[in-house]
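Chemist: Chains as they are written, first to last, in this note's numbering: chain A, 1 to 115; chain B, 1 to 110. For glycine and all other residues, C-beta sits at the position ideal for the given N, C-alpha and C. Note that the structure is predicted; figures quoted are calculated from it, not measured. Structure below; questions to follow.
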């Protein structure tokens, strides 16, 4: 494993409530990513970060926000959760000194259910 | 969209080599071939990647054809724990953008 943890690992919440998922790394990688995985869609990028306080949107960013105040932590927030955000969320990291290629390493995932 | 084509499923006998093919006929000169796998409910696991030369590590070997339009991932002695979905991904070298996962190949080791 590449020193990535996600918390919580499972969460059940109700529509309209705010939810924050945490990704923590111990590898000092520069880049961090949030993906969601749904049946029939594979993994899709939500947001990513290329440094502390530097973030950008991915393919499916609507309804999500992120923050990165420290190198090791990348937070994903659902401001007002909806049932369509029921999914498995994966964090990934990359960018530890590889010159021409980049390998992403994934966390164990968070299973979120919005009722 | 994914730039690769893989068979949806394959079977392999335990202890035998598993050879997983991938077509990437539109690959460009600076794009690498990456392989990941995902065991049920777990995060995708990096296996190996290469540009044009064959590569080997402790998990697998990657054979890339000379024209780079296809590749094969080889698991030399498959075990039950290798049962997973295997994804072949083509990606620009040095890119820090997202990985685009296709549907992959479901490998069943029996």
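Is it the case that the Cβ atoms of residue 91 of chain B and residue 32 of chain B are separated by a distance below 8 Å?
Modeler: Going by C-beta atoms, residue 91 of chain B is nearer than 8 Å to residue 32 of chain B.
Chemist: Is there contact here, the stretch 73-90 of chain A with the stretch 11-26 of chain A, by at least three beta-carbon pairs under 8 Å?
Modeler: Touching, yes.
Chemist: Helix, strand or coil for residue 99 of chain A, going by three-state DSSP, please let me know.
Modeler: For residue 99 of chain A, the predicted structure reports a pLDDT of 44, less than 50, and the residue's modelled location is therefore unreliable. The matter cannot be settled from this model.
Chemist: Relative to chain A, which residues along the stretch 29-43 of chain B have a C-beta separation below 9 Å, given in chain order?
Modeler: Against chain A - using a Cβ distance shorter than 9 Å - the residues of the stretch 29-43 of chain B are 30, 32, 34, 36, 38, 41, 42 and 43.
Chemist: Are the beta-carbon atoms of residue 47 of chain A and residue 64 of chain A separated by less than 8 Å?
Modeler: In contact: residue 47 of chain A and residue 64 of chain A (Cβ atoms closer than 8 Å).
Chemist: Suppose contacts are defined by Cβ-Cβ distances below 8 Å. Is residue 48 of chain B in contact with residue 55 of chain B by that definition?
Modeler: Yes, Cβ-Cβ distance for residue 48 of chain B and residue 55 of chain B is below 8 Å.
Chemist: For residue 67 of chain B, which three-state DSSP category applies?
Modeler: Note: residue 67 of chain B maps to coil in three-state DSSP.
Chemist: For the beta strand (DSSP E) that contains residue 84 of chain B, what are its first and last residues?
Modeler: Counting along the chain, the beta strand (DSSP E) containing residue 84 of chain B begins and ends at 84-92.
Chemist: The beta strand (DSSP E) that contains residue 42 of chain A, what's its start and end?
Modeler: Its beta strand (DSSP E) spans residues 42-51.
Chemist: Determine, for residue 107 of chain A, whether the minimum Cβ-Cβ distance to residues of chain B falls below 8 Å.
Modeler: So, interface residue.
Chemist: Which residue from A/85, A/105 and A/102 puts its Cα closest to that of residue 114 of chain A?
Modeler: Out of A/85, A/105 and A/102, A/85 has the C-alpha closest to the C-alpha of residue 114 of chain A.
Chemist: At 8 Å on the CB atoms, spell out the chain B contacts of residue 33 of chain A, in chain order.
Modeler: Going along chain B in sequence order, the residues near residue 33 of chain A (Cβ under 8 Å) are 98.
Chemist: In whole angstroms, give me the CA-to-CA distance for residue 95 of chain A and residue 85 of chain B.
Modeler: Roughly 25 Å between the two C-alpha positions.
Chemist: Could you compute how far the alpha carbon of residue 53 of chain B sits from the alpha carbon of residue 77 of chain A?
Modeler: Approximately 42 Å, taken between the alpha carbons.
Chemist: Listed in chain order, which residues of the stretch 67-92 of chain B have Cβ atoms closer than 7 Å to some Cβ of chain A?
Modeler: The residues in question: there are none.
Chemist: With a cut-off of 8 Å, does the C-beta of residue 3 of chain B fall near any C-beta of chain A?
Modeler: Not closer than 8 Å to any Cβ of chain A, the Cβ of residue 3 of chain B fails to qualify, so no.
Chemist: Using the DSSP secondary-structure output, state which residues sit across from residue 23 of chain B in a beta bridge.
Modeler: BP columns for residue 23 of chain B point to B/5 and B/70.
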